[in-house]
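Structure first, then comments.
Number of protein chains: 2
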Amino acid sequence: MAMSIGEAARRSGNSVPTVRYYEDIGLLRSIDRGPNGRRLYGWPEISRLSFIRRSRDLGLSIVEIRSLLEVSDGRSDCGDAQTVVLTHLAVVQQRRAELQALEATLQTMAERCGATCVGGSSIACTIFEDVSPGASR
Amino acid sequence: MAMSIGEAARRSGNSVPTVRYYEDIGLLRSIDRGPNGRRLYGWPEISRLSFIRRSRDLGLSIVEIRSLLEVSDGRSDCGDAQTVVLTHLAVVQQRRAELQALEATLQTMAERCGATCVGGSSIACTIFEDVSPGASR
DNA sequence: CTTGCTCCTCAAGTTACTTGAGGATGTATG
DNA sequence: CATACATCCTCAAGTAACTTGAGGAGCAAG
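These protein sequences, in sequence, are chains A and B. Under this note's numbering, the first residue of the first sequence is numbered -7, with each subsequent residue one higher. Under this note's numbering, the first residue of the second sequence is numbered -7, with each subsequent residue one higher.
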């Protein structure tokens, strides 16, 4: 039942230092220690660590996760959790739109570069025109 | 012709400390100083700063930008620039695909949350099931 | 001549961790 | 039982790319 930090890390998909780090910043409270001073983790901790891991994968910041965990701990209500998610959704949508535009720009840059100057000198390289058009003024 | 750091920053779209920072890390070399010790910028510097700014907007790292600038300075060839751009393009494509999946997940989470527990306690909040499904085991 | 903006340098803070030093303990093998 | 190797501990510093702040000087306008 009681797991070492290494096992907790493996099961939750975090690295060992990261698990300690989460304890340091207060995302996990009161990790019991064995007589040898080593941390002992139970299922609730693994669950919490997995939640954090997944949320990070989804791009949520530690601050956002902290507020979700407060909901989970019953210290604020579910509406708050929805707010966090919706706010983050808007950010993600925005970011994705930006990436889409960026992707097109990069593609154009690479294609033009390939057509005009691969292996050649930098003088004719269109990348610099693409990236800094009319920079002088 | 000779501009203050404030003007250079405004024209290139960077903040004043950022412009100083780029000098510190060697992206800009040898900024002349006036008799009062203040930095003086000319058009080539503005151009370079604008290039850096745009590249950062495109998501390129300082390391990547440094190698592009080396091409621009004639210290490596154009093919290298294309490689940087293509490598970055692959990263962007990957990232955008991930964001797309994430967007769908967040949307589902918010909808389910809204349907079941807005204003209620966290006990029924589906967000936690969505984010950490079967975390205990 | 005083107010207020801009400039200077140097140091520390930010985010979310990772990496490393230095040392103790646990587990497997000879 | 001894030795090797993995794992654990704490504390400190490093990472990217800047931002923010302290403390002080210069310059232009009213």
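Even for Gly, the Cβ is constructed at its ideal location relative to N, Cα and C.
Nearest-angstrom Cα distance between residue i and residue j?
{"i": "Cys1 of chain A", "j": "Arg48 of chain A", "result": "Reading the sequence as shown, one finds Ala at residue 1 of chain A and not Cys. Approximately 15 angstroms, taken between the alpha carbons."}
{"i": "Arg40 of chain A", "j": "Leu20 of chain A", "result": "8 angstroms"}
{"i": "Ile115 of chain A", "j": "Arg67 of chain B", "result": "In this predicted model, Ile115 of chain A has a pLDDT of only 48, less than 50, meaning its place in the structure is not dependable enough to derive any value."}
{"i": "Pro125 of chain B", "j": "Leu32 of chain B", "result": "Residue confidence for Pro125 of chain B is low, a pLDDT of 46 falling below 50, so the modelled location carries little weight and cannot support an answer."}
{"i": "Met101 of chain B", "j": "Ala82 of chain A", "result": "13 angstroms"}
{"i": "Leu91 of chain B", "j": "Val76 of chain A", "result": "17 angstroms"}
{"i": "Pro27 of chain A", "j": "Leu60 of chain A", "result": "33 angstroms"}
{"i": "Val11 of chain B", "j": "Ser22 of chain A", "result": "45 angstroms"}
{"i": "Leu98 of chain B", "j": "Leu52 of chain B", "result": "27 angstroms"}
{"i": "Leu78 of chain B", "j": "Asp72 of chain B", "result": "10 angstroms"}
{"i": "Gln74 of chain B", "j": "Asp65 of chain B", "result": "15 angstroms"}
{"i": "Gly86 of chain A", "j": "Ala96 of chain A", "result": "Gly is not the amino acid found at residue 86 of chain A; the sequence shown has Gln there. Those two C-alpha atoms are separated by around 16 angstroms."}
{"i": "Pro36 of chain B", "j": "Pro9 of chain B", "result": "19 angstroms"}
{"i": "Glu(-1) of chain B", "j": "Arg25 of chain B", "result": "15 angstroms"}
{"i": "Met(-5) of chain B", "j": "Glu103 of chain A", "result": "36 angstroms"}
{"i": "Leu107 of chain B", "j": "Arg58 of chain A", "result": "Looking at the sequence itself, residue 107 of chain B is Ala, so the reference to Leu does not match. The alpha-carbon atoms of Ala107 of chain B and Arg58 of chain A are separated by roughly 23 angstroms."}
Measuring CB to CB, does residue i end up less than 8 angstroms from residue j?
{"i": "Glu56 of chain B", "j": "His80 of chain B", "result": "yes"}
{"i": "Cys70 of chain A", "j": "Cys105 of chain B", "result": "yes"}
{"i": "Tyr14 of chain A", "j": "Ile44 of chain A", "result": "yes"}
{"i": "Val84 of chain A", "j": "Leu50 of chain B", "result": "no"}
{"i": "Ile(-3) of chain A", "j": "Ile54 of chain A", "result": "no"}
{"i": "Met(-7) of chain B", "j": "Gly34 of chain B", "result": "yes"}
{"i": "Ser42 of chain B", "j": "Ser4 of chain B", "result": "yes"}
Residue i and residue j look like a contact to me (Cβ under 8 angstroms); what is the Cβ gap, rounded to whole Å?
{"i": "Arg88 of chain B", "j": "Arg88 of chain A", "result": "6 angstroms"}
Exercise for the section: Could you run through the region 88 to 100 of chain A and flag, in chain order, every residue whose CB is less than 8 angstroms away from some CB of chain B? Expected result: Taking 8 angstroms as the Cβ-Cβ cut-off against chain B, the residues of the region 88 to 100 of chain A that qualify are Arg88, Leu91, Gln92, Leu94, Glu95, Thr97, Leu98, Gln99.
Exercise for the section: Please list the residues of the region 6 to 37 of chain B that have a C-beta atom closer than 9 angstroms to any C-beta atom in chain A, keeping them in chain order. Expected result: The region 6 to 37 of chain B vs chain A, Cβ under 9 angstroms: Trp35, Pro36.
Exercise for the section: With 7 angstroms as the limit, tell me which residues of the region 61 to 79 of chain B have their beta carbon closer than that to any beta carbon of chain A; keep them in chain order. Expected result: Answer in chain order: Val63, Ser64, Gly66, Asp69, Cys70, Gly71, Ala73, Gln74, Val77, Leu78.
Problem - Completely contained alpha helix (DSSP H) runs for the region 15 to 78 of chain A, where each covers 4 or more residues - result: List check, alpha helix (DSSP H) in window: 35 to 49, 54 to 64.
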